[in-house]
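Scroll down for the structure; my scribbles are underneath it.
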Amino acid sequence: ATGETVTIRWGFWGEPGEKATHEKVAQAFMQEHPEIKVEIWHQPWGDYFTKLQTLWASGDTATIPDVMFLFPVPRYAADGVLEDLGPWIEKGGVQTDDYWPALLESVKYDDKIYGLPRDIGLEVLYYNKQIFDEAGVAYPTDSWTWDDLKAAAEKLTVVDGGGRVSRYALGMEGGKYSLWINQNKALMLDDMRNPSKCTMTEPAAADAITFFSDMMNNNQAMRDANLSQAGGDAAVFQSGQVAMIIQNASRISAFNEASMNYDVAPVPIPSGGQRAASAGGAAWSMSSSSQHKDAAWTFLSWLQSTNGGQRLYTESGEIFPALQSTAKSAAFLQSQTPPTNRQAFLTEGENARVGRFGYFPEWGELEDSVITAGLQRIWAGEATPEQALPEICAQVDSFLKERGYPKP
Numbered sequence: 005a006t007g008e009t010v011t012i013r014w015g016f017w018g019e020p021g022e023k024a025t026h027e028k029v030a031q032a033f034m035q036e037h038p039e040i041k042v043e044i045w046h047q048p049w050g051d052y053f054t055k056l057q058t059l060w061a062s063g064d065t066a067t068i069p070d071v072m073f074l075f076p077v078p079r080y081a082a083d084g085v086l087e088d089l090g091p092w093i094e095k096g097g098v099q100t101d102d103y104w105p106a107l108l109e110s111v112k113y114d115d116k117i118y119g120l121p122r123d124i125g126l127e128v129l130y131y132n133k134q135i136f137d138e139a140g141v142a143y144p145t146d147s148w149t150w151d152d153l154k155a156a157a158e159k160l161t162v163v164d165g166g167g168r169v170s171r172y173a174l175g176m177e178g179g180k181y182s183l184w185i186n187q188n189k190a191l192m193l194d195d196m197r198n199p200s201k202c203t204m205t206e207p208a209a210a211d212a213i214t215f216f217s218d219m220m221n222n223n224q225a226m227r228d229a230n231l232s233q234a235g236g237d238a239a240v241f242q243s244g245q246v247a248m249i250i251q252n253a254s255r256i257s258a259f260n261e262a263s264m265n266y267d268v269a270p271v272p273i274p275s276g277g278q279r280a281a282s283a284g285g286a287a288w289s290m291s292s293s294s295q296h297k298d299a300a301w302t303f304l305s306w307l308q309s310t311n312g313g314q315r316l317y318t319e320s321g322e323i324f325p326a327l328q329s330t331a332k333s334a335a336f337l338q339s340q341t342p343p344t345n346r347q348a349f350l351t352e353g354e355n356a357r358v359g360r361f362g363y364f365p366e367w368g369e370l371e372d373s374v375i376t377a378g379l380q381r382i383w384a385g386e387a388t389p390e391q392a393l394p395e396i397c398a399q400v401d402s403f404l405k406e407r408g409y410p411k412p
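So for the sequence shown, this note's numbering puts the first residue at 5; every next one is plus one.
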């Protein structure tokens, strides 16, 4: 301890509220580790990845963040800009089995770990208790099925005299379509790591898409485009335009600030189906070109420790933690703020699985340019699943073939 400090750069995106939490976390770390100074590199979500790509391309190791927030990790690991964390994890004695099932799959590329997930983006069903009470509908339970959701939706939807929907039962982005598919024991591709073909035309997958589009066509769920125009699911839930949304833990603090009367339940599943929480979350990664890898690892591993970053982020109310021990601790379960049924998150976490997205570098491009674009026609009521899914699958198959999938 010669009193020399090492400075590392820490990159993350986020709203001003999230930025304040990150800054608090950095301060707490520096108090415990006065020998390491953490310099913050913060960008809005919209610019973050573009600016990172520019820094990586420049090869300027002095400006590239040593530790950074990333999603999806495999896409960047494929470019060689990230450090393989395997040896560090082994040396540091990190308990990888404390992560939710399948979660570390989301940060692997070529079977190596390139990030440690801060949170797990699993969703639960948020419901407005006041609306349920007024409509005389019993609150959702752990055993709710798709049929229960539809039956409740019929009573919760309000259509005025002119045929205009003044309240929808459900507000859910079309982008969460994979939840329904996985719950129905189906996948979008035959193999989510190394795919050879699209499987969305298979009966279980097609039925799941039909279930969701039927809710939109029956005015029970908001159409995707209308939901975006109205400011997204959190906005319509707060304004009472919808009775339920399916969302992750990031909205809890906003709903509590708005003094909403709400609770959560696990997401309803089809009879004979399965829970299918998304085993993915944004992760902390290390730059492979970092000049201060020891200090970067000290910080990264502290961010992921039960008494360090994991606890502080969980207490902020902005995340559902990646570590099971933190999720089961007082920091999350015994919080004095709503929702009451925090156990719903644990129920989903224990059933987190591979399959909600692709674990290969081109997945983001494939989903955005082909799958989501094709599904938009279904969500808008312009095409039936029978019409649109075969077209989507034909495009997916040619995309995969062009990119050389399946890889040998």
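All C-beta atoms in this analysis are idealised placements derived from N, C-alpha and C, irrespective of residue type, glycine included.
Inter-residue Cα distance where the pair is residue i and residue j
i: L327; j: S402; result: 39 Å
i: A81; j: E369; result: 16 Å
i: A287; j: T388; result: 37 Å
i: W60; j: A157; result: 49 Å
i: T65; j: L108; result: 27 Å
i: W301; j: S291; result: 10 Å
i: E206; j: G353; result: 27 Å
i: Y181; j: Q99; result: 33 Å
i: I12; j: E87; result: 15 Å
i: A5; j: A258; result: Because A5 carries a pLDDT of 49, less than 50, the predicted location of this residue cannot be relied on, and no value is offered for it.
i: P274; j: W150; result: 5 Å
i: P91; j: Y118; result: 11 Å
i: H2; j: S289; result: Given that the chain is displayed from residue 5 to residue 412, the structure contains no residue 2 and the question cannot be resolved.
i: Y52; j: A269; result: 33 Å
i: V162; j: M34; result: 53 Å
i: H296; j: L193; result: 40 Å
i: I124; j: L404; result: 28 Å
i: P48; j: G18; result: 6 Å
i: M176; j: F136; result: 18 Å
i: W367; j: R197; result: 9 Å
i: W104; j: R279; result: 14 Å
i: S263; j: E39; result: 42 Å
i: R255; j: T54; result: 26 Å
i: R315; j: A239; result: 28 Å
i: T318; j: F324; result: 6 Å
i: G236; j: S293; result: 39 Å
i: L153; j: E371; result: 27 Å
i: P20; j: A30; result: 15 Å
i: E8; j: K41; result: 10 Å
i: P410; j: L89; result: 26 Å
i: R122; j: D164; result: 45 Å
i: E22; j: G50; result: 15 Å
i: E43; j: A24; result: 14 Å
i: D70; j: H26; result: 16 Å
Beta-bridge pairing of residue i - partner residues as DSSP gives them
i: R122; result: Beta-bridge pairing links R122 to no other residue.
i: P325; result: D123
i: M248; result: Y131 and L174
i: E43; result: R13
i: C202; result: L193
i: D151; result: Partner(s): none; D151 has no beta bridge.
i: R255; result: R255 pairs with nothing; no bridge assigned.
i: R360; result: According to DSSP, which records beta bridges pairwise, R360 is partnered with nothing at all.
i: F117; result: The sequence shown places Ile at residue 117, not Phe. The partner list for I117 (beta bridge, DSSP) reads K112.
i: D267; result: Y131
Nearest candidate by alpha-carbon position, reference residue i, set the options
i: G408; options: V358, S200 and S292; result: S200
i: N188; options: Q399, G63 and T214; result: T214
i: T58; options: V85, L231 and V10; result: V85
i: G285; options: T203, L120, A142 and G97; result: L120
i: M204; options: F216, A190, K116 and R197; result: A190
i: A253; options: I135, E406, N345 and K116; result: N345
i: N132; options: G359, V400, P342 and A377; result: P342
i: W184; options: G277, L404, G21 and P20; result: G277
i: R79; options: Q233, I323, Y113 and T54; result: Y113
i: I249; options: E261, S263 and Q224; result: Q224
i: G362; options: H37, F303, I44 and V77; result: V77
i: F73; options: E127, S110 and F16; result: F16
i: R227; options: D152, R357 and R171; result: R171
i: S305; options: T9, K28 and H37; result: H37
i: V358; options: N230, N260 and V111; result: V111
i: G378; options: T25, G178, A139 and D101; result: G178
i: R360; options: A139, T310 and N186; result: N186
i: A173; options: Q380, G244 and T351; result: G244
i: F75; options: A398, F364 and I375; result: F364
8 Å Cβ cutoff, residue i in contact with chain B
i: K159; result: Here chain B cannot be found, since the structure has a single protein chain.
Residue ranges of each beta strand (DSSP E) within the segment 269 to 322, 3 or longer: 287 to 290
So within the segment 159 to 191, which uninterrupted alpha helix (DSSP H) runs reach at least 4 residues, ignoring any that extend past its ends? 181 to 187
Counting beta carbon pairs with one atom in the segment 140 to 154 and one in the segment 391 to 399, are three or more of them shorter than 8 Å? no
Would you call the segment 92 to 106 in contact with the segment 377 to 386, where contact means no fewer than 3 C-beta pairs closer than 8 Å? no
If we require 4 or more residues per run, which alpha helix (DSSP H) segments fall completely within the segment 53 to 111? 77 to 81 and 90 to 96
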